[in-house]
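These notes are about the structure you will find just below.
2 protein chains.
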Amino acid sequence: MNGDFVVTPWEVSGEVDYDKLVVRFGTSYITPDLISKIPGGKENLFLRRRLFYSHRDLDWLLGLNGKGHPFYLYTGRGPSSGTHLGHMIPWIFTRQLQEAFGVKLYFQMTDDEKFLFKDKLSLEDTASATADNMLDFIALGFNPAMTRIIVDTRDINHLYRTALKVAKKITFSTARAVFGFSNSTNIGSIFFTSVQSVPAFIESDLEGRNVPCLIPCGIDQDPHFRVTRDVAPMLGYFKPALIHGKMLPGLSGGKMSSTGNAAIYTTDDDKTVKKKVMNAFTGGRATVEEQRRLGANPDICPVYHHFEFMFEPDDGKLKKIETDCRSGALLCGDCKQNLLSKVIKFMSEHRIKREKAKETVGNYAFNPDKVI
Amino acid sequence: MNGDFVVTPWEVSGEVDYDKLVVRFGTSYITPDLISKIPGGKENLFLRRRLFYSHRDLDWLLGLNGKGHPFYLYTGRGPSSGTHLGHMIPWIFTRQLQEAFGVKLYFQMTDDEKFLFKDKLSLEDTASATADNMLDFIALGFNPAMTRIIVDTRDINHLYRTALKVAKKITFSTARAVFGFSNSTNIGSIFFTSVQSVPAFIESDLEGRNVPCLIPCGIDQDPHFRVTRDVAPMLGYFKPALIHGKMLPGLSGGKMSSTGNAAIYTTDDDKTVKKKVMNAFTGGRATVEEQRRLGANPDICPVYHHFEFMFEPDDGKLKKIETDCRSGALLCGDCKQNLLSKVIKFMSEHRIKREKAKETVGNYAFNPDKVI
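The listed protein sequences derive, respectively, from chains A and B.
Each residue of the first sequence is one higher than the one before, counting from 567 in this note's numbering.
Each residue of the second sequence is one higher than the one before, counting from 567 in this note's numbering.
So this is what it looks like as structure tokens:
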């Protein structure tokens with residue numbers, strides 16, 4: 567596909583050109599120099615493979631941090647369904663950043679957003695997805711002493727005043743231009759970005775002084791935070807810094823959609839996982855003979871990208887998968903079997919951690935009286 | 567003045583023709599038959615003088631009530647400044663309705679609205695006005711066992727979920743058409759009407775069954791509740807019924823503005839009250855001689871209307887003021903002195919009740935766990 571592509575917080579379509587996005591959004595590449603300022607940055611899978619590759623003001627934030635000025639992390643999830651592997655990529659990277667810097671993290675569940683933007687979703691649906699998604703988040707091993715989960719509809723009393731201040735600074739024109747709203751957009755959706763801005767300022771509000779904030783997120787979320795960054799100085803806050811990730815492609819060859827067989831959900835059983843992996847779209851050829859002769863294409867292959875993002879941390883082994891794929895030495899069936907065994911292993915471990923998370927979920931609840 | 571007039575929740579300008587408003591807004595007049603269904607209705611000052619004169623679905627609500635189906639009351643205040651006499655008119659009428667029917671009342675302080683719509687107002691300003699206005703409300707003698715005050719920024723956790731449901735049903739087109747929004751309107755203002763809708767449904771939410779709601783308010787607030795009424799059936803609620811009042815004219819001859827000498831504030835001292843009353847605009851003539859000869863015009867006189875709305879409950883005495891005014895027997899100076907002594911008396915009593923209200927304000931706080 568050589569056509570155009572669309573990336574907004576609510577739509578990712580076409581074949582995304584991540585280099586073009588840097589130009590289109592006006593962000594900056596993460597340079598080797600910047601990576602060297604992140605403890606363990608050179609060894610970090612997502613940074614060394616350029617899966618988190620773009621930023622805003624990361625240089626400023628790391629500069630301040632180098633002078634002993636601590637920052638905090640903020641990321642989140644729009645709970646519209648179960649959690650799939652693609653959702654967990656930025657969470658895993660965020661946990662790594664939290665460990666590298668030893669800093670606080672606010673994780674926002676934007677259940678209000680999902681209710682407002684998805685016609686058929688009820689508040690009961692989003693509540694159920696919130697409870698579900700939280701377990702996957704906690705299962706990844708976040709330090710409960712340094713991590714707080716904000717659920718918008720549950721914690722709105724701690725968000726609303728700052729959301730009002732943000733909302734007062736954003737006109738309908740601005741919201742329409744950034745998010746592509748129309749006259750038929752509902753008035754809750756128009757307001758919502760104000761609520762998503764709040765965690766970028768919440769630590770400053772709680773501490774009573776400006777605290778820098780770093781937001782790791784999929785680059786599709788950048789439009790929200792462009793608005794947040796424009797408003798910040800008007801309200802006397804620092805602009806939040808951003809670090810942008812690429813999105814794990816879906817197994818069926820397009821976006822990792824929230825429905826169908828494109829994504830592996832954390833609640834899928836092994837049989838379902840097997841079906842999804844073994845039926846995945848690949849960069850392979852029509853016949854074995856052809857593939858042996860001409861080789862396949864890992865660049866467009868979601869199976870390859872699953873190794874790259876999550877399931878083959880060893881760069882040498884990943885390189886071998888790529889080389890053998892291109893040369894025709896590795897056939898798709900074998901490659902899928904290899905991925906499947908790694909996914910099954912991950913899933914069996916995750917299921918246990920996810921079950922344990924039910925006992926500790928209360929420890930992560932946002933409570934401004936207990937400053938972490 | 568014969569020109570056009572504007573009545574919206576945020577603007578009242580020109581000389582309001584209340585009969586034209588009934589046509590323009592598509593409301594109904596309160597008939598003698600309806601008044602007779604309100605306990606003490608025929609004797610009620612505001613009803614018998616047609617100061618509360620228009621309604622939506624009051625017949626339906628009183629019909630249900632007659633069959634033993636109780637309703638509740640909802641009114642409110644946008645706390646942007648101190649309380650003036652004009653603010654208290656619908657509150658006094660609401661208290662009378664509460665007493666007549668022995669029903670619950672929710673009083674909403676829309677501090678979020680005032681912050682969003684008034685450029686120069688901070689959340690500290692609206693918090694201060696809220697604390698101030700509450701005392702005047704309580705001083706009017708509402709039954710604390712049956713009355714709860716909702717402060718939007720304080721109680722948003724009890725409002726937000728229903729506000730989201732309302733917001734999801736209102737498009738930008740609708741909000742723009744009803745409220746006259748433009749592209750430069752801030753996104754908080756666009757969302758706000760959703761929050762003002764919630765108390766019309768809150769008793770149904772708390773009770774888990776549909777409870778009819780009656781909203782006494784100035785007719786300028788009707789646009790908000792037109793939207794609320796349109797949305798109600800989509801969410802499975804009854805449409806709230808409305809009972810609309812006229813607005814007490816300002817002492818300087820136009821709208822009872824929130825600034826200047828047009829309004830008597832509950833915190834004004836006697837000297838200030840005297841200055842405002844004695845300097846009031848009237849329907850009088852240029853000279854005493856002329857007035858004795860030609861008479862004056864009570865219809866356009868705010869001093870006369872202050873008697874009519876609040877300070878002369880005796881219809882015979884009010885009629886005499888009117889007749890003597892028209893005939894030229896009553897001069898404006900004497901009439902103002904008469905009003906002044908009544909206002910001073912009211913203010914001295916109100917000051918004491920207002921001071922006492924500081925002790926009981928906590929009894930009115932909204933708390934869904936203690937259902938009233």
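Note that CB positions come from ideal geometry on N, CA and C, so glycine has one too.
If you draw a straight line from the Cα of D835 of chain B to the Cα of A741 of chain A, it comes to about 47 Å. The DSSP-derived three-state label of N610 of chain A is coil. Take the alpha-carbon of A852 of chain A and the one of A846 of chain A: they are about 14 Å apart. Interface criterion not met: the Cβ of A852 of chain A is under 9 Å from no Cβ in chain B. Counting only Cβ-Cβ distances below 9 Å, I736 of chain A has contacts in chain B at N752, I753 and G754, in chain order. Secondary structure at C779 of chain A: strand, using DSSP grouped into helix, strand and coil.
With contact defined as three or more Cβ pairs closer than 8 Å, the segment 805 to 815 of chain B and the segment 615 to 632 of chain B are in contact.
K837 of chain A and E609 of chain A have their C-alpha atoms roughly 34 Å apart. When only Cα atoms are considered, T719 of chain A and H871 of chain A end up about 35 Å apart. Within chain B, no C-beta atom comes nearer than 9 Å to that of D771 of chain A; the closest sits roughly 12 Å away. T660 of chain A is not a Cβ neighbour of P789 of chain A, given a cutoff of 9 Å. If you keep only unbroken alpha helix (DSSP H) runs of at least 4 residues inside the segment 656 to 733 of chain B, you get 677 to 683, 689 to 705 and 718 to 721. Taking 9 Å as the threshold, the shortest C-beta distance from N929 of chain B to chain A does not fall below it. Secondary structure at V843 of chain A: helix, using DSSP grouped into helix, strand and coil. Taking 9 Å as the cut-off, the Cβ atoms of N933 of chain B and T737 of chain A do not count as close. Within the same chain, T728 and Y803 come within 6 Å of F767 of chain B by CB-CB distance, once the 5 residues on both sides are set aside. In the DSSP annotation of this structure, the continuous segment of the beta strand (DSSP E) that includes Y619 of chain A starts and ends at F618 to R622. The three-state secondary structure of H635 of chain A, taken from DSSP, is coil. Going by DSSP, L808 of chain B is part of the beta strand (DSSP E) stretching over A807 to G811.
Per DSSP, the unbroken alpha helix (DSSP H) holding S907 of chain B starts and ends at C898 to T926.
Check the Cα spacing between D677 of chain A and each of A:L628, A:D900, A:N904 and A:T759: the tightest is with A:T759. Beyond the five residues adjoining it in sequence on each side, A695 of chain A comes within less than 8 Å, by CB distance, of P645, S646, S647, G648, D677 and K680 in the same chain, given in chain order. Within chain A, Y726 and L730 have C-beta atoms less than 8 Å from the C-beta of D678 of chain B, given in sequence order. Classified as exposed, M800 of chain A has fewer than 16 neighbouring CB atoms from the shown chains inside 10 Å of its CB. The beta carbon of I722 of chain B sits closer than 9 Å to some beta carbon of chain A.
When DSSP states are grouped into helix, strand and coil, Y803 of chain A belongs to the coil group.
What A766 of chain B touches in chain A, judged by beta-carbon distance under 9 Å, is nothing: the nearest beta carbon there is about 17 Å away.
Within its own chain, the residues whose Cβ lies closer than 7 Å to the Cβ of F571 of chain A, once the five positions on either side in sequence are excluded, are S579, G580, E581, V582 and D583, listed in chain order. Here the C-alpha atom of H653 of chain B lies approximately 48 Å from the C-alpha atom of D698 of chain A. Minimum Cα-Cα distance from N709 of chain B among the listed residues B:S893, B:I658 and B:S688 corresponds to B:I658. When DSSP states are grouped into helix, strand and coil, S770 of chain B belongs to the helix group. In the same chain as K902 of chain B, and ignoring 5 residues on each side of it, the C-beta atoms closer than 7 Å to its own belong to V843, M844, A846 and V869, in chain order. The residue among A:R590, A:M675 and A:T833 with its C-alpha nearest the C-alpha of E915 of chain A is A:T833. The criterion of a C-beta distance shorter than 9 Å is not satisfied by L780 of chain B and A798 of chain B. For V869 of chain A, the enclosing alpha helix (DSSP H) starts and ends at P868 to H872. The DSSP-derived three-state label of A895 of chain B is coil.
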